[in-house]
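Trainee: For what it's worth, the working numbering labels the leading residue of the sequence shown as 33, then goes sequentially. Idealized CB from N, CA, C, for every residue including glycine. Before we start, here is the structure in question, set down as structure tokens.
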Amino acid sequence: MAEAAEAPVLVFDSGIGGLTVLREARMLMPDRRFVYVADNAAFPYGDWPEEALLTHLLALFERLLAEFRPACVIIACNTAFTLAGSALRARFPATDFVGTVPAIKPAAERTASGLISVLATPATVKRDYTRALIESFAAHCHARLVGSRYLAALAEAYISGGDVTDEALWAEIAPCFVEENGRRTDIVVLACTHYPFLANRFRKLAPWPVDWLNPAEAIALQARRVLGARPSAAIEGANRDIAIFTSSDVRAEIKRLMQGFGLMVADAAVR
């Protein structure tokens, strides 16, 4: 168990997508210690019924918070936070949760054409939280919600060295591109932290240039604001940050990826 003076920042995701947020958080807070938790036992979250997933997340965080007593928690997963963020804050009021939500507000502020697309998992697309963001911040835009069932898994395969074809990617992102009355989509919100790993591939496949909006830096900035002047952990060695999985069934290439991010992979899984 972590000592209070060395409380880490816990970064949580269903898989490896949260590494895009961890990368930004480390750059902004190099003196902090991080614990990365990948809920690979439950991946992908999009296959879960909502109530079952909510129950699962609350039970899992009960264990994680008791084990690590983090200085704050970054939920680097749109699906998890839009579903469980309010319930987690209510259940664990002593813990600061920094959430991940679709970057609809900045997209609506930046668009020139008024056509934006939100590329997300089906679970995030159908969430009332997402639609409320559009109503609040993008009512003046045409916001297309694109729910991709396979893109998170394709990103995991790609970043771990697997072969992902252009055809497979295009099938998932093609609905993002809209032409209407001489206007074209000019911003695509990447509303899943897995997707930025594929951003360069998306740019090559796009039929015209768009701004692929990655929220990772904004999430990291919010975490730094939340932590404020709280004491940081002493830096001891290069592998002070660890990665933990919820299933011990982790492919060797995923372990190598974690190590490439400077994370020491824990031997035991969270139960």
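Among Arg272, Ala248 and Met290, which residue has its Cα nearest to the Cα of Ala57?
Mentor: For this step, residue 57 is matched to residue 25 along the sequence shown. Ala57 has its Cα closest to that of Ala248, out of Arg272, Ala248 and Met290.
Trainee: Alpha carbon to alpha carbon, what distance is there between Glu212 and Arg123?
Mentor: Within the sequence shown, the letter at position 91 stands for residue 123. Within the sequence shown, the letter at position 180 stands for residue 212. Near 45 angstroms, if we compare the C-alpha coordinates of Glu212 and Arg123.
Trainee: Rank Ala200, Asn72, Pro239 and Val221 by C-alpha distance to the C-alpha of Thr162 and give the top, closest one.
Mentor: Residue 162 sits at position 130 when you count from the first residue of the sequence shown. Here the closest residue by C-alpha is Val221.
Trainee: Answer yes if the segment 139-156 comes into contact with the segment 172-192, meaning at least three C-beta pairs across the two stretches below 8 angstroms, and no otherwise.
Mentor: Contact between the segment 172-192 and the segment 139-156 is present, because at least three Cβ pairs lie under 8 angstroms.
Trainee: Less than 8 angstroms between the C-beta atoms of Gly49 and Cys109, yes or no?
Mentor: Within the sequence shown, numbered from 1, the residue matching residue 49 stands at position 17. Within the sequence shown, numbered from 1, the residue matching residue 109 stands at position 77. Cβ atoms of Gly49 and Cys109: closer than 8 angstroms.
Trainee: Label Ser280 either buried or exposed according to how many other C-beta atoms from any shown protein chain fall within 10 Å of its C-beta, with 16 as the threshold for buried.
Mentor: As a position in the sequence shown, residue 280 is number 248, starting the count at 1. By the 10 Å Cβ count, Ser280 comes out exposed.
Trainee: Any contact between the segment 84-103 and the segment 289-300? By contact I mean 3 or more CB pairs, one from each, below 8 angstroms.
Mentor: They do not touch, by the three-pair rule.
Trainee: Return helix, strand or coil for Ser145, following the three-state DSSP convention.
Mentor: Stepping through the sequence shown from its first residue, residue 145 is reached at position 113. Reduced to three states, the DSSP call for Ser145 is coil.
Trainee: Per the DSSP calculation, Val221 is bridged to which residue(s)?
Mentor: Counting from 1 along the sequence shown, the entry for residue 221 is found at position 189. Note: Val221 sits in a beta bridge opposite Val150 and Leu245.
Trainee: Which word fits Leu92, buried or exposed, when buried means at least 16 other C-beta atoms lie within 10 angstroms of its C-beta?
Mentor: Residue mapping note: residue 92 aligns to position 60 of the sequence shown, counting from 1. By the neighbour-count rule (16 or more Cβ atoms within 10 Å), Leu92 is buried.
Trainee: Give me the DSSP bridge partner(s) of Phe129.
Mentor: Here residue 129 corresponds to residue number 97 of the sequence shown, with the count starting at 1. Bridge partners of Phe129: Val105.
Trainee: Please confirm whether Ile48 has its beta-carbon closer than 8 angstroms to some beta-carbon of chain C.
Mentor: In summary, chain C is missing from the structure at hand, where a single protein chain is found.
Trainee: Measure the C-alpha to C-alpha separation of Val282 and Asn72 and round it to an integer number of angstroms.
Mentor: Here the question's residue 282 lines up with position 250 in the sequence shown. Here the question's residue 72 lines up with position 40 in the sequence shown. Answer to the nearest angstrom: the Cα atoms are 8 angstroms apart.
Trainee: Please classify Gly214 as buried or exposed, where buried requires at least 16 other C-beta atoms within 10 Å of its C-beta.
Mentor: Here the question's residue 214 lines up with position 182 in the sequence shown. Per the 10 Å Cβ criterion, exposed.
Trainee: According to DSSP, is His88 helix, strand or coil?
Mentor: Position 56 of the sequence shown holds residue 88. It is helical.
Trainee: Could you check what DSSP says for Leu54 in three-state terms: helix, strand or coil?
Mentor: Locating residue 54 in the sequence shown gives position 22, counting from the first residue. In the structure shown, Leu54 sits in a helix (DSSP, three-state: H, G or I).
Trainee: Could you pull the start and end residues of the beta strand (DSSP E) that Arg176 belongs to?
Mentor: Here residue 176 refers to the residue found at position 144 of the sequence shown. His174 to Gly179 is the span of the beta strand (DSSP E), which, as asked, contains Arg176.
Trainee: My understanding is that Leu230 touches Ala187, with C-beta atoms under 8 angstroms, so please give their C-beta distance in whole angstroms.
Mentor: By one-based count along the sequence shown, residue 230 stands at place 198. By one-based count along the sequence shown, residue 187 stands at place 155. That pair is a contact at about 5 angstroms.
Trainee: Between which two residues does the alpha helix (DSSP H) containing Ile191 stretch?
Mentor: Working through the sequence shown from its first residue, we reach residue 191 at position 159. Run containing Ile191: Leu183 to Ile191, per the alpha helix (DSSP H) assignment.
Trainee: Here's the rule I'm using: 16 or more other beta-carbon atoms within 10 Å means buried, otherwise exposed. How should Ile286 be labelled?
Mentor: One-based indexing of the sequence shown puts residue 286 at position 254. The residue is buried, with at least 16 neighbouring Cβ atoms inside 10 Å.
Trainee: Please say whether Val69 and Ala304 have beta carbons closer to each other than 8 angstroms?
Mentor: Past the boundaries of the shown model lies residue 304; the chain is included only from 33 to 303, so the question cannot be answered.
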